[in-house]
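**Q**
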Amino acid sequence: MSSVTEASPLTNSLTAGKLPRRSALWVLLASWAVSAAVFAMLYLSGAVDGFNIVGTVVFGTVLYCVAIYVLSRLVEGSRKAKDRLMTALVTAAFVIALLPLISIIYTTVVNGLPAFLTPTFFTSSQRNVVGAGGGVLHAVIGTLFVTGMATLISVPIGLLASIYLVEYGRGRLAKAITFFVDVMTGIPSIVAGLFAFALFALLFDDPGIRFGFGGAIALSVLMIPVVVRSSEEMLKLVPNELREAAFALGVPKWLTILKVVLPTSMAGIVTGVMLSIARVIGETAPLLIIAGFTASMNYDLFSERMMTLPVFVYTQYANQGADSQAFIDRAWAGALTLILIVMLLNGLARLIAYWFSPKLGR
Amino acid sequence: MTTAAATTIKARQRPGDRIFSSATVISGSLILAVLAAVAIFLLVESLPAFVAGPDDFNGDITNFWSYVGPLVFGTIYSAVLALLMAVPVAIGIALFISHFAPRKLAQSLGYLVDLLAAVPSVVFGLWGIGVLAPLVQPFYTTIVDWFGWFPPLAGPASGTGRTIFTVSIVLAVMILPIITAICREIFLQTPLLHEEAALALGATRWEMIRMAVLPFGLPGIISASMLGLGRALGETMAVAMVLSPSPEVIFQLLTAQNSNTIAANIALNFPEAHGVGVNILLATGLVLFVVTLLVNMLARVIINSRKAFSGAN
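If you read the sequences in order, they're chains A and B. Sequential numbering from 1 applies to the first sequence in UniProt numbering. Sequential numbering from 1 applies to the second sequence in UniProt numbering.
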């Protein structure tokens with residue numbers, strides 16, 4: 001390699017000792033090709049059954065890291081070589097994070113589609129179903145009711161609290177709220193469920209209490225801090241000039257907030273609320289504790305057990321009947337439904353943020 | 001006459017203002033009240049567990065503390081393992097998005113990692129059982145064959161792959177997004193002048209990161225890791241579904257017998273619990289709450305102390 005630099009005296013001295021442009025890319029492709037060749041030979045010789053794509057990519061990437069380090073060290077010196085090695089490692093870290101995401105989405109779609117596409121899946125409950133068939137209607141209804149109720153509780157409280165923090169709060173109380181909202185975002189979801197259970201078991205003196213509204217309370221405990229944080233960020237973005245202009249015209253403070261500050265930041269707040277819904281809609285543990293599980297429809301939040309989608313997925317997996325494949329299929333189909341809802345909410349939230357956010361001046 | 005005497009001009013108090021401002025104060029205080037209520041109600045409901053006798057537990061456990069001990073161990077063991085795996089990768093991803101990826105792509109790549117946070121934990125559980133455990137099981141057999149002399153890796157290897165190590169991998173994937181998000185924010189706050197100064201002195205990109213970005217971001221990395229630890233400690237469904245538990249303290253990573261975690265133990269036993277059994281599970285929940293609260297508070301204190309002199313303001 002070093003012969004390249006010595007044998008061509010006409011090279012610009014500033015670019016000498018540098019690998020040619022795109023060499024990293026070519027080395028990567030070459031190492032993947034070498035790795036593919038090795039695995040293909042293993043396959044053809046019968047040592048392993050099937051061509052191992054994952055092994056090819058992993059082995060090829062490791063080979064690339066070694067090759068680019070050695071190559072760069074010979075041509076460019078040890079400092080640049082280290083830089084190239086770290087670039088490769090950092091990029092690899094990013095790719096490693098994407099692998100589980102791709103794998104999860106792929107397996108959920110592949111395993112979930114068969115049961116997802118059966119005609120009864122969204123039109124019936126699990127009542128009196130022992131084998132295959134049945135549907136998730138009861139769980140979808142339950143999820144909509146519980147999450148909707150949680151949203152109804154959390155959004156007013158969260159929004160008002162964030163208005164307090166941004167517009168009114170000074171001194172100790174505001175500091176304490178900011179701090180504990182941050183701490184609350186880290187409460188384990190199951191603790192929220194246990195809290196709701198302890199609260200209502202004491203209130204109604206019923207040690208085996210299960211009902212949908214309790215689930216909504218548990219989800220609110222998880223949702224409020226998220227709503228406060230995101231709304232607070234959005235309210236802070238409203239320029240002070242707008243508030244001052246309103247005050248100068250003699251508008252009372254509360255009307256300024258309602259008519260000027262909130263409309264300006266509405267897109268961001270809606271985005272935050274939707275992201276927080278997406279966060280709690282997949283919570284399983286608190287609902288398993290306080291909302292319980294059932295195979296029947298239940299439209300009443302305030303009495304009897306209520307099924308929700310995440311709990312449906314868990315119970316289908318955990319309590320498999322005689323025809324276990326039917327249960328596993330339904331679990332995956334439920335997971336697919338759940339992922340679709342969460343992705344839809346996330347996508348919509350981003351789109352709202354993108355469409356309605358105040359345009360930056362040119 | 002009022003204007004002449006007053007030193008400051010006071011705005012007229014309107015009913016609307018009063019109602020609105022007190023509504024916001026009440027909502028804000030309600031959040032503190034909820035946090036206090038969580039602690040109080042859990043404590044009240046778990047009091048019977050602390051005096052529970054040997055009859056209330058299965059097996060030869062005599063009191064609450066010997067019941068919760070192995071669970072606390074399992075919780076911390078799996079969470080710390082997950083953290084050890086997640087932090088280096090998360091720092092790598094954060095650096096990739098903040099300093100290596102093309103500027104135009106960086107934000108979309110950030111969304112991709114955030115999508116991982118949107119996957120419900122019960123789906124992670126299904127994936128851990130259906131995909132990850134069968135995938136890693138052959139490796140476990142090999143590792144036990146080769147490195148079985150090292151106590152934590154001693155055999156016999158689990159035949160299903162549903163070990164505490166698999167759980168830690170799943171947990172690591174689940175806490176990646178939050179650690180990445182915070183590290184990314186902190187790395188982006190590095191004073192541009194420090195970076196440019198390092199580059200101007202001839203540093204390569206990696207040397208610039210080591211000299212300017214990482215020292216600046218260290219407190220952020222620490223607190224992000226602690227927030228990730230808090231998440232991993234409280235994660236329920238993925239552990240409950242993947243782990244094959246046993247009620248003892250077990251250091252071996254790859255065997256079929258594993259210490260359970262507090263959260264997973266609650267989820268597995270709560271639906272069938274009755275009488276004092278419910279109180280015992282609530283008491284373990286209280287222990288979990290206190291542990292995560294302390295971890296989270298410490299993390300937030302570190303983050304907040306950094307805010308004052310970060311490059312952002």
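Beta carbons: idealized from backbone N, C-alpha and C, even for Gly.
Cβ of residue 125 of chain B within 8 Å of Cβ of residue 237 of chain B?
**A** yes
**Q** Which parts of the segment 69-152 of chain A are runs of the alpha helix (DSSP H), unbroken and 4 residues or longer, counting only runs that do not cross its ends?
**A** 78-116
**Q** Which stretch, first to last residue, makes up the alpha helix (DSSP H) that contains residue 271 of chain A?
**A** 262-281
**Q** Quick check on the burial criterion: 16 or more other C-beta atoms within 10 angstroms. Buried or exposed for residue 314 of chain A?
**A** buried
**Q** Which of the three DSSP states is assigned to residue 223 of chain B in this structure?
**A** helix
**Q** My assumption, with CB atoms under 8 Å, is that residue 157 of chain B sits in contact with residue 254 of chain B. Please give the rounded CB distance.
**A** 5 Å
**Q** Look at the alpha carbon of residue 143 of chain B and the alpha carbon of residue 233 of chain B, and state the distance between them as a whole number of angstroms.
**A** 27 Å
**Q** Quick check: residue 191 of chain A and residue 41 of chain B, are their CB atoms within less than 8 Å of each other?
**A** Contact flag unset, no.
**Q** In angstroms, rounded to a whole number, what distance separates the CA positions of residue 197 of chain A and residue 316 of chain A?
**A** 23 Å
**Q** For the segment 45-62 of chain B, enumerate the residues whose C-beta is nearer than 9 Å to any C-beta of chain A, in chain order.
**A** 45 and 46
**Q** Cutting at 7 Å between CB atoms, please list the residues of its own chain near residue 28 of chain A, excluding the five before and the five after it.
**A** Spatial neighbours of residue 28 of chain A in its own chain (CB-CB distance under 7 Å, excluding positions within 5 residues in sequence) are listed in chain order as 64.
**Q** How many Å lie between residue 189 of chain A and residue 263 of chain A at the Cα?
**A** 32 Å
**Q** May I have the straight-line CA-CA distance separating residue 320 of chain B from residue 341 of chain A, to the nearest angstrom?
**A** Only positions 1 to 313 of chain B appear in the structure, and residue 320 of chain B is not among them; the question remains open.
**Q** Does DSSP put residue 296 of chain B in a helix, a strand or coil?
**A** helix
**Q** Taking the C-alpha atoms as reference points, what is the distance between residue 323 of chain A and residue 258 of chain A?
**A** 57 Å
**Q** Can you give the beta carbon distance from residue 235 of chain A to residue 162 of chain A, rounded, assuming they're within the 8 Å contact cut?
**A** 6 Å
**Q** With 8 Å set as the bound, which would you pick, yes or no: does the beta-carbon of residue 412 of chain A sit closer than that to a beta-carbon of chain B?
**A** Examination of residue 412 of chain A is not possible in this model, given that chain A is present from 1 through 362 alone.
**Q** Which runs of the alpha helix (DSSP H) spanning at least 4 residues fall entirely within the segment 2-84 of chain B, listed in chain order?
**A** 2-5 and 15-50
**Q** Any C-beta of chain A within less than 9 Å: which residues of the segment 142-162 of chain B qualify?
**A** none
**Q** Anything in the segment 203-227 of chain A with a Cβ closer than 9 Å to a Cβ of chain B? List those residues in chain order, please.
**A** Cβ contacts with chain B: 207, 208, 220, 221, 224 and 225.
**Q** Interface residues of chain B around residue 346 of chain A at Cβ under 9 Å?
**A** Going along chain B in sequence order, the residues near residue 346 of chain A (Cβ under 9 Å) are 111, 114, 115 and 118.
**Q** Could you tell me the alpha carbon to alpha carbon distance between residue 93 of chain A and residue 86 of chain A, rounded to whole angstroms?
**A** 10 Å
**Q** Does the separation of the CB atoms of residue 176 of chain A and residue 165 of chain A fall below 8 Å?
**A** No, these two residues do not count as a Cβ contact at 8 Å.
**Q** At 7 Å on the CB atoms, spell out the chain B contacts of residue 252 of chain A, in chain order.
**A** Residues of chain B whose Cβ lies closer than 7 Å to the Cβ of residue 252 of chain A are, in chain order, 14, 16 and 17.
**Q** Name the DSSP bridge partner or partners of residue 245 of chain B?
**A** Paired residues: B:258.
**Q** Can you list, in chain order, the residues of the segment 181-208 of chain B whose Cβ is nearer than 8 Å to any Cβ on chain A?
**A** The segment 181-208 of chain B vs chain A, Cβ under 8 Å: 204, 205, 206 and 207.
**Q** Kindly list, in the order they appear in chain B, the residues whose Cβ is closer than 8 Å to that of residue 354 of chain A.
**A** The contacting residues do not exist; residue 354 of chain A stays about 11 Å from chain B at best.
**Q** Quick check: residue 218 of chain A and residue 195 of chain A, are their CB atoms within less than 8 Å of each other?
**A** yes
**Q** Enumerate in chain order the residues of its own chain whose CB-to-CB distance from residue 124 of chain A is below 7 Å, with the five nearest sequence positions on each side excluded.
**A** 134, 135 and 137
**Q** Would the beta-carbon of residue 262 of chain B fall within 8 Å of that of residue 72 of chain B?
**A** It is a contact, given that the beta carbons lie within the stated cut-off.
**Q** Tell me the residue span of the alpha helix (DSSP H) that contains residue 189 of chain A.
**A** 189-204
**Q** At a CB-CB cut-off below 8 Å, which residues of chain B make contact with residue 58 of chain A?
**A** In chain order: nothing, as chain B lies at least about 12 Å away.
**Q** Output, in chain order, the set of chain B residues within a Cβ distance shorter than 7 Å of residue 86 of chain A.
**A** 206
**Q** For residue 203 of chain B and residue 33 of chain A, what's the separation of their Cα atoms in angstroms?
**A** 33 Å
**Q** Going straight from the alpha carbon of residue 188 of chain B to that of residue 321 of chain A, what length do you get?
**A** Using only the alpha carbons, I get a separation of about 52 Å.
**Q** Which residues in chain A have a C-beta closer than 8 Å to the C-beta of residue 323 of chain B? List them in chain order.
**A** Since the first and last residues shown for chain B are 1 and 313, residue 323 of chain B lies out of range.
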